[in-house]
Each structure stands twice: as C-alpha cells, then as structure tokens.
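First residue of the sequence shown? That's 4 in the numbering used here, and the numbers climb one at a time after it. Let me begin by presenting the structure, written as structure tokens, before commenting on it.
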Amino acid sequence: MSLKLEHVTYTYNPGSVYEMHALKDVSLEIPDGQFVGVIGHTGSGKSTLIQHFNGLMKPTAGTVYFQNEDIWQEGYSLKRLRSQVGLVFQYPEHQLFEADVLSDVCFGPRNQGLTKEEAEARAVQALKQAGLKEKYYQSSPFELSGGQKRRVAIAGVLAMDPQVLILDEPTAGLDPKGRDEILDQIAFLHEERKITVILVSHSMEDIARYVERILVMNKGEKRFDGVPREVFSHYRELETMGLAAPQITYIMHELREKGLMADTSAITVEEAKKSILEALEKRKL
4 MSLKLEHVTY TYNPGSVYEM HALKDVSLEI PDGQFVGVIG HTGSGKSTLI QHFNGLMKPT
64 AGTVYFQNED IWQEGYSLKR LRSQVGLVFQ YPEHQLFEAD VLSDVCFGPR NQGLTKEEAE
124 ARAVQALKQA GLKEKYYQSS PFELSGGQKR RVAIAGVLAM DPQVLILDEP TAGLDPKGRD
184 EILDQIAFLH EERKITVILV SHSMEDIARY VERILVMNKG EKRFDGVPRE VFSHYRELET
244 MGLAAPQITY IMHELREKGL MADTSAITVE EAKKSILEAL EKRKL
C-alpha cells in the first residue's frame with residue numbers, strides 16, 4: 004500500500020480547555036496509482052488529514068505508513084518522504100518564491116542533489132506536463148494568473164518525481180474554463196505517470212467526474228469511503244453534513260419520482276443522458 008493510516012487521532016491543545024479533536028481514530032489505506040477524492044465541510048478534518056500523509060503534522064495517537072514504513076519511526080527521513088509525497092497547497096503563492104518560473108520549479112530537484120542541468124531537464128518536463136507554455140518560463144511566478152500559478156506549483160512538486168500527488172482545492176477561485184483545464188491536466192498526469200492522486204475539493208461535480216474513490220470526512224471522522232456511486236447514494240446523509248451530491252443526482256431522483264425510470268445512481272452528465280434516453284425508449288414500447 005502506498006499510504007496507510009492506523010487509528011490516527013490528532014488533537015489540538017490536548018489537556019487544555021481548548022482541546023479539540025481534528026481527527027478521531029481514522030484508519031484507511033490508499034493503494035499505489037489510485038485517484039482519490041476527499042470531501043467534507045469546512046472544519047471536517049480534510050486539511051489535517053492530508054498533512055499527515057507527508058509528515059507535515061504528527062498524529063497525537065496512531066501510526067502513518069508510507070510503503071509499509073512508519074514515517075515517525077526513529078531515523079526515518081521526512082525530507083525524502085516529502086519528495087515522494089508531494090502536496091500542492093490551496094493558495095499556490097505560498098509555494099512560489101523564486102525570481103522566475105524555471106528557477107522555482109528547479110528548487111525541488113536541486114534540493115534532492117541533482118545538478119543544475121538535471122534539475123532544469125526535470126523542471127522543463129514537469130512544466131510541460133503541468134500545461135504551462137514555454138513563454139512563461141522566465142517570467143516572475145507572481146505575475147502569472149491564478150491558473151498559471153497553480154500549474155507552476157504543480158510542476159514544482161512533479162519535478163521531484165513524486166509517487167503521490169496531493170492537491171488541496173486546486174481549482175479554488177478559478178473560472179469554469181480554468182477549473183476544467185487544471186482538472187483535465189491532473190487527470191492526464193494521473194494516467195501518464197501512473198501516480199497516486201489525492202484531490203481535496205468542494206465541488207461534487209468535479210469529484211464525481213474524475214475520481215475513482217471518495218473519502219468523506221465529518222467532524223474529524225471518516226464517514227464514508229467508497230466509489231462515487233455508492234457514496235453519493237447517501238446524498239440525504241451528506242446534506243446533514245453540509246455537503247451535497249452532484250446536481251445530476253437530484254435531477255435523476257426527481258425524474259424517478261415523476262415516473263421516468265431513470266438510473267438514480269448516475270452521477271455525470273454523460274451517464275444521465277444515456278439513462279434518460281434509455282428510459283424514454285422503454286416508455287415508447
């Protein structure tokens with residue numbers, strides 16, 4: 004297994020009147036190459052969870068494993084872990100600091116001990132895979148658009164050749180076109196590099212369209228864990244957590260209530276279209 008948590012709990016201000024459990028006895032396994040979505044209302048524990056994956060946060064109790072090794076055992080290299088489990092924060096400007104784009108993306112591989120030439124080769128490849136045009140390589144990253152900054156931040160992690168790519172709300176603040184471009188690029192990277200991708204998002208449509216597994220966090224606990232169809236079938240329970248299923252789910256249930264025997268498990272526009280057409284054909288017979 005690529006990543007594994009066993010009975011992980013994280014407590015803020017333990018033993019004080021301000022004690023709060025951000026994670027409560029969370030256990031899960033994420034195999035190599037899986038595309039996982041993490042959803043939950045603000046304060047559900049999503050960000051705390053993903054920061055345990057690469058050792059940015061240490062559990063109050065429980066164990067975190069990467070490739071069957073306890074990442075908090077004595078002598079384990081967290082530096083090596085963070086080059087293998089890369090995290091792209093919600094606000095890319097938090098990760099950008101060099102004078103130009105190429106130098107910024109080179110930072111990680113240079114820190115791994117690669118030569119300047121090797122680092123630049125890695126950086127150029129990563130920038131291409133992240134979908135940033137060459138004309139921006141010498142630009143200041145702070146002069147780029149929001150979507151372009153996201154691409155640079157993603158490239159900066161990819162240049163370290165990680166086995167796991169974690170993205171915290173990578174489309175926040177982007178327009179629909181920019182959002183689709185970023186997510187399509189992430190799906191392309193998952194397919195091309197065969198890496199594990201963990202996507203945190205508030206958009207149920209995005210989650211339904213791209214991931215193969217969903218983890219639902221609520222009040223620090225793992226509430227649901229399964230394929231999108233199964234998870235979104237609990238749409239009424241998701242609503243009690245401040246979440247919602249994709250709009251398609253509600254449309255299909257309403258059609259069913261109106262007498263059209265459409266598939267209520269459809270979660271994408273393509274699936275819904277196919278199901279509605281089939282239901283209409285059967286009605287004609």
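Glycine included, each C-beta is placed from N, C-alpha and C at the ideal position. The structure displayed is predicted, hence computed values, not measured ones.
Out of Gly111, Gly43, Leu99 and Lys49, which has the shortest C-alpha to C-alpha gap to Leu241?
Gly43
What residue range is occupied by the uninterrupted beta strand (DSSP E) comprising Phe235?
Element bounds for Phe235: not the beta strand (DSSP E) but the alpha helix (DSSP H), Pro231 to Phe235.
Please give me, in chain order, every unbroken run of the alpha helix (DSSP H) with length at least 4 that falls completely inside the segment 44 to 82.
49 to 56
Using three-state DSSP, classify Ser106 as helix, strand or coil.
helix
Residue ranges of each beta strand (DSSP E) run of no fewer than 3 residues wholly in the segment 136 to 165, ordered along the chain?
List check, beta strand (DSSP E) in window: nothing returned.
Taking all protein chains shown into account, decide if Ala102 is buried (16 or more other Cβ within 10 angstroms of its Cβ) or exposed.
Around the Cβ of Ala102, a 10 Å sphere holds fewer than 16 other Cβ atoms; the residue is exposed.
For a minimum of 4 consecutive residues, which ranges assigned as the alpha helix (DSSP H) are wholly contained in the segment 206 to 282?
207 to 213, 231 to 235, 238 to 243 and 250 to 260
Between Ala129 and Ala158, which are expected to be in contact by the criterion C-beta below 8 Å, what is the C-beta distance as a whole number of angstroms?
4 Å
Straight-line CA distance for Asn16 to Asn221?
20 Å
Quick check: what's the CA-CA separation for Gln93 versus Val67?
23 Å
Report, in whole angstroms, the separation of the C-beta atoms of Glu321 and Thr14, which I expect to be a contact under 8 Å.
Shown here, the chain extends from 4 to 288; a query on residue 321 therefore has no answer.
Since Ser91 is in the beta strand (DSSP E), which residue starts that stretch and which ends it?
Residue 91 is actually Val in this sequence, not Ser. That run of the beta strand (DSSP E) goes Val88 to Val91.
For the segment 17 to 46, which segments carrying the beta strand (DSSP E) assignment without a break, of at least 3 residues, lie completely within its bounds, in sequence order?
Fully enclosed beta strand (DSSP E) runs of 3 or longer: 23 to 33 and 38 to 42.
Out of Gln166, Val230, Val29 and Gly65, state which residue places its alpha-carbon closest to the alpha-carbon of Gln87.
Gln166
Counting only the same chain and skipping the five closest in sequence on each side, list residues whose C-beta sits under 6 Å from that of Val41.
Counting only Cβ-Cβ distances below 6 Å, and skipping sequence neighbours, we find Lys49, Val203 and Leu218.
Find out if the Cβ-Cβ distance for the pair Leu84, Gly111 is shorter than 8 Å.
no
Count the C-beta pairs between the segment 231 to 239 and the segment 194 to 202 that are closer than 8 Å, then say yes if the count reaches three, no if not.
In short, these stretches do not touch, since the Cβ pair count stays below three.
Would you call the CB atoms of Gln115 and Ala156 closer than 8 Å?
no
Count the other CB atoms, across all protein chains shown, that sit within 10 Å of the CB of Lys61; report buried if there are 16 or more and exposed otherwise.
exposed
Can you tell me whether Lys138 is buried or exposed, with buried defined as 16 or more other CB within 10 angstroms of its CB?
exposed
Is it buried or exposed, Asp209, if we count other Cβ atoms within 10 angstroms and call 16 or more buried?
By the 10 Å Cβ count, Asp209 comes out buried.
For Leu170 and Arg239, I'd like the C-alpha separation in whole angstroms.
27 Å
Please state whether the Cβ-Cβ distance between Arg154 and Ala133 is less than 8 Å.
Annotated as proximal: Arg154 and Ala133, with beta-carbon spacing under 8 Å.
Are the beta-carbon atoms of Leu90 and Thr51 separated by less than 8 Å?
no
Quick one: is Asp107 buried, meaning 16 or more other Cβ sit within 10 Å of its Cβ, or exposed?
It counts as buried.
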